DNA sequence: ATGCAGATAATCT
DNA sequence: GATTATCTGCATG
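In the working numbering, the protein residues as written are 70 to 325.
Below, the structure is given as structure tokens:
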């Protein structure tokens, strides 16, 4: 796969102005950029709006936490979960709808060194994370891209892009990991995000199935991935966590 | 390769 | 007080 052949032209906001389950498969092969790191998306999940998708954060309506999902399309909804992880979504449909696509996994196509550093445990000593695992899973992907609480609501549409486009190629830069590609994305303002055209996945290679780790709407096949891609995360069904022994109910019999 | 337990806190009931 | 759109390390086949 030639890294330099991915289109760096940004996707317009209208791309996200559709139902999330239609946007999701079209997102495969696209490139999400934040600062120096870019990820080619290989696995995503669609989440619907209030009252229509029991697995969605917006199912019971608008709250302070999910407010961004009700905002305009093309913005990042970044949420905190399990007491330690951030996950990122791209908001779909016009203001007021409350749906989004969770970005679950991908391949690092720029800023590899930075991604490795971010995914290395404190101190830098110890185990080394294989490159294919750098963004293999939604929380890992968020770490690799440097997405945190403060990036919730960040616009991922590169509005000022036309001025930065290469007149010959129509692209805004080149992908690559080496020093010669240090300015691979000329003109993208520091600290901002964008979704680039990349190379859309061949429809024949797209698979779909139930979403990972959800406890409701288990049959809705709104997880989409590129078949056979090594960066796709392993599927895990939802496992109800057993209550800690201190919190077991009064009627419970101690084992053995 | 697969499976389980623990971590850890915001959000919701 | 329970649940969670998860990850990691350590266990076992």
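Using N, Cα and C, we set each Cβ at its ideal position, and we do this for glycine too. Remember, predicted model here, so these are calculated numbers, not experimental data.
With respect to residue 212, residue 155 sits close: the two C-beta atoms are nearer than 9 Å. Residues 98 of the same chain have their beta carbon placed closer than 6 Å to that of residue 269, with the five preceding and five following residues left out of the count. Burial check for residue 217: the Cβ neighbour count within 10 Å stays below 16, so the residue is exposed.
Residue 154: member of the beta strand (DSSP E) spanning 154 to 161, first to last residue. Residues 139 of the same chain have their beta carbon placed closer than 8 Å to that of residue 165, with the five preceding and five following residues left out of the count.
In the three-state reduction of the DSSP assignment, residue 94 falls in the helix class, which pools H, G and I. Remark: three or more beta-carbon pairs, one from each stretch, lie closer than 8 Å, so the stretch 83 to 90 and the stretch 146 to 163 are flagged as touching. Residue pairing by DSSP places residue 150 opposite 154 in a beta bridge. For a cut-off of 8 Å, the C-beta gap from residue 274 to residue 205 is around 18 Å, too long to register as a contact.
When rounded, the separation of the alpha-carbon atoms in residue 101 and residue 110 is 7 Å. For the options 177, 296, 118, the alpha carbon positioned closest to that of residue 277 is the one of 296. Spatial neighbours of residue 286 in its own chain (CB-CB distance under 7 Å, excluding positions within 5 residues in sequence) are listed in chain order as 122, 123, 124. Straight through space, the alpha carbons of residue 186 and residue 291 are spaced by roughly 32 Å.
Counting along the chain, the unbroken alpha helix (DSSP H) around residue 207 starts and ends at 207 to 214.
Residues of the same chain with a CB within less than 6 Å of the CB of residue 224, apart from the 5 flanking positions on each side, are 144 in chain order.
In the structure shown, residue 183 falls within a helical segment according to DSSP collapsed to helix, strand and coil. Secondary structure of residue 136 (DSSP, three-state): helix. Straight-line measurement puts the Cα of residue 153 at about 22 Å from the Cα of residue 200. Residue 126 and residue 281 have their alpha carbons spaced roughly 14 Å apart. Membership of residue 113 in the beta strand (DSSP E) is indicated by the continuous run 106 to 116. Within the DSSP bridge table, the entry for residue 292 names 114, 278 as partners. As DSSP reads the structure, residue 264 sits in a beta bridge with 101.
Sixteen is the threshold: since fewer than 16 other Cβ atoms of the shown chains lie within 10 Å of the Cβ of residue 271, the residue is exposed. Residue environment for residue 114: buried (at least 16 other C-beta atoms within 10 angstroms of its C-beta). Residue 173 sits in a strand when the DSSP states are folded into three classes.
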